[in-house]
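See structure below.
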Amino acid sequence: MKFVKIEEILDGKHTDKKVAIRGWVYRERKQKKVSFFLIRDDSGIIQTTIKLDSKDWENSQELSIEASVQIEGVVKKDDRAPGGYEIKTEKLEIVGLAERFPITKDKSEEFLRDVRHLWIRSRKMTNILKVRSAVFEAIHQFYKKKGYSEIQSPSFTKSACEGGSTLFEVDYFGEKAYLSQSWQLYAEAMIFSIPKIYCIAPSFRAEKSRTIRHLAEYWHHEMETAWMNFDELLKFQEEFIVFIANYVADKCKKELEELERNVDELKNLKVPFKRMTYEEAIKKLGKKWGHDLTDAEERKLVKQIGEPVFITHFPREMKAFYMQPDSENPKTVLAADLLIPGVGETTGGSERIDNAKTLEESLKIFKLNKKDYKWYMDLRKFGSIPHSGFGLGVERLVMWFAGAEHIMDTIPFPRTMNRLEP
Ligand code: 4AD
Numbered sequence: 002m003k004f005v006k007i008e009e010i011l012d013g014k015h016t017d018k019k020v021a022i023r024g025w026v027y028r029e030r031k032q033k034k035v036s037f038f039l040i041r042d043d044s045g046i047i048q049t050t051i052k053l054d055s056k057d058w059e060n061s062q063e064l065s066i067e068a069s070v071q072i073e074g075v076v077k078k079d080d081r082a083p084g085g086y087e088i089k090t091e092k093l094e095i096v097g098l099a100e101r102f103p104i105t106k107d108k109s110e111e112f113l114r115d116v117r118h119l120w121i122r123s124r125k126m127t128n129i130l131k132v133r134s135a136v137f138e139a140i141h142q143f144y145k146k147k148g149y150s151e152i153q154s155p156s157f158t159k160s161a162c163e164g165g166s167t168l169f170e171v172d173y174f175g176e177k178a179y180l181s182q183s184w185q186l187y188a189e190a191m192i193f194s195i196p197k198i199y200c201i202a203p204s205f206r207a208e209k210s211r212t213i214r215h216l217a218e219y220w221h222h223e224m225e226t227a228w229m230n231f232d233e234l235l236k237f238q239e240e241f242i243v244f245i246a247n248y249v250a251d252k253c254k255k256e257l258e259e260l261e262r263n264v265d266e267l268k269n270l271k272v273p274f275k276r277m278t279y280e281e282a283i284k285k286l287g288k289k290w291g292h293d294l295t296d297a298e299e300r301k302l303v304k305q306i307g308e309p310v311f312i313t314h315f316p317r318e319m320k321a322f323y324m325q326p327d328s329e330n331p332k333t334v335l336a337a338d339l340l341i342p343g344v345g346e347t348t349g350g351s352e353r354i355d356n357a358k359t360l361e362e363s364l365k366i367f368k369l370n371k372k373d374y375k376w377y378m379d380l381r382k383f384g385s386i387p388h389s390g391f392g393l394g395v396e397r398l399v400m401w402f403a404g405a406e407h408i409m410d411t412i413p414f415p416r417t418m419n420r421l422e423p
């Protein structure tokens, strides 16, 4: 018999018919003459019943939470059952018995992360991982529609892209190397070959801070575009975010509802997003020029505004060496962070310096060794062009979409300063 997905049964597609399902025991209630087993697969949970006179009764009494089974039986509508349907078991096959499952009610978040290899089976994790998968799918669809090419860059690098403090050092055949923080410097070389490119790849940051939005290894979506200026970059990003939000709201309606996430907020997201300069932002927070916004301040700001907002025109020294100074106010750069509700910064992007002299000056300001950036400097010497790009922390976007309170819940096996296992 062909196995059906549980959600099909819950959608009423097999009522009064015989079906076969396979999955795991989610809950069990054993009574004298009848036993109830809730069975889960990734699509849903359904109640099954088995009676004392069944040839499989004895076997069924061995079942406990997370045992794997295949069940054949007839689907009946029953309002008393969770989800409104029930399977009357005619044949039960135990595939794998389960020991006493260590996850019970009211376990701490920390414990659940210690047993992530088992907690990954929870409805919460299944739903979040489906949302995550839809985000990846949407990113590829968006770029296909826009005529972009997906290109990769190396994970072992010689020099920093986003500052030395978060570099992971590795021994590269006796030579000092670092794990990549960003594809950007390579992307800036690649746009001379293909002008519209993007990637999704792991980035590595030796983040020593413990926050709800920092991982040591995260999935970084980045794009780089030749001939694109700062205004065009912001328009591109807001169109991108709205596309992804709508796509996920449509594709994962059921998962988002189960996660108690307001789907309409994502469906009704509209361009343009609000824009605020760094100067306006610090004024609003009662801070002085030169103050770097903290995670908490970013979230406070976006909470006050109530929707995604771009913070633009940061002080040059506060940001990265490759950012183009604003010609109207050269102490600021043409850079923007997009802040989203509950998270704060989720994208960082800028127009890039395209002039060799300005870049040299920038390396000096940031006290970077010219030798380490020799090939990068070459890009300004052979037909340099204006260009822009941005990077997005995929897990931060998933946090917002899924309403997750911690970034560790948006990736199957998180890596942080304190967590390398499981
Ligand atoms: O702002 P960042 O450091 O920018 C760059 O890496 C640029 N080279 C991107 C570009 O222009 N191509 O990082 C970009 C985004 C941040 O906005 C944030 O969402 C995410 O990457 N991010 C992290 N996400 C999770 N954990 C961390 N430790 C992160 N660090 C940055």
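In this text, residue positions in the sequence shown follow my numbering: the first is 2, and each later residue adds one. All C-beta atoms in this analysis are idealised placements derived from N, C-alpha and C, irrespective of residue type, glycine included. Since this is a predicted model, take the numbers as computed values, not measurements.
Burial state of residue i, where buried means 16 or more other Cβ atoms lie within 10 Å
| i | result |
| --- | --- |
| residue 309 | buried |
| residue 173 | exposed |
| residue 128 | buried |
| residue 295 | exposed |
| residue 30 | exposed |
| residue 131 | buried |
| residue 195 | exposed |
| residue 430 | One cannot answer for residue 430 here, as it falls past the ends of the chain, which runs 2 to 423. |
| residue 320 | buried |
| residue 32 | exposed |
| residue 325 | buried |
| residue 311 | buried |
| residue 228 | exposed |
| residue 220 | buried |
| residue 74 | buried |
| residue 103 | exposed |
| residue 109 | exposed |
| residue 415 | buried |
CB contact flag (residue i, residue j, <8 Å)
| i | j | result |
| --- | --- | --- |
| residue 267 | residue 402 | yes |
| residue 275 | residue 302 | no |
| residue 76 | residue 18 | yes |
| residue 338 | residue 388 | no |
| residue 113 | residue 68 | no |
| residue 206 | residue 182 | yes |
| residue 86 | residue 40 | no |
| residue 249 | residue 271 | no |
| residue 26 | residue 53 | no |
| residue 184 | residue 160 | no |
| residue 22 | residue 88 | yes |
| residue 152 | residue 198 | yes |
| residue 121 | residue 408 | no |
| residue 188 | residue 158 | no |
| residue 318 | residue 283 | no |
| residue 334 | residue 245 | no |
| residue 279 | residue 331 | no |
| residue 391 | residue 234 | yes |
| residue 49 | residue 72 | yes |
Helix, strand or coil at residue i [DSSP, three-state]
| i | result |
| --- | --- |
| residue 134 | helix |
| residue 116 | coil |
| residue 143 | helix |
| residue 2 | coil |
| residue 344 | coil |
| residue 60 | helix |
| residue 336 | strand |
| residue 271 | coil |
| residue 32 | coil |
| residue 172 | strand |
| residue 317 | helix |
| residue 401 | helix |
| residue 165 | helix |
| residue 71 | strand |
| residue 351 | strand |
| residue 329 | coil |
| residue 206 | coil |
| residue 284 | helix |
| residue 323 | coil |
| residue 295 | coil |
| residue 23 | strand |
| residue 300 | helix |
| residue 149 | coil |
| residue 182 | coil |
| residue 425 | Nothing about residue 425 can be reported from this structure: the residues present for the chain run from 2 to 423 only. |
Closer than 8 Å to chain C by CB, residue i
| i | result |
| --- | --- |
| residue 88 | Of the protein chains in this structure there is only one, and it is not chain C. |
Residue ranges of each alpha helix (DSSP H) within the stretch 209-264, 4 or longer: 231-252, 254-259
Complete runs of the beta strand (DSSP E) confined to the stretch 73-131 [at least 3 residues]: 86-97
Start-end ranges of the beta strand (DSSP E) lying completely within the stretch 362-403, minimum 3 residues: 388-394
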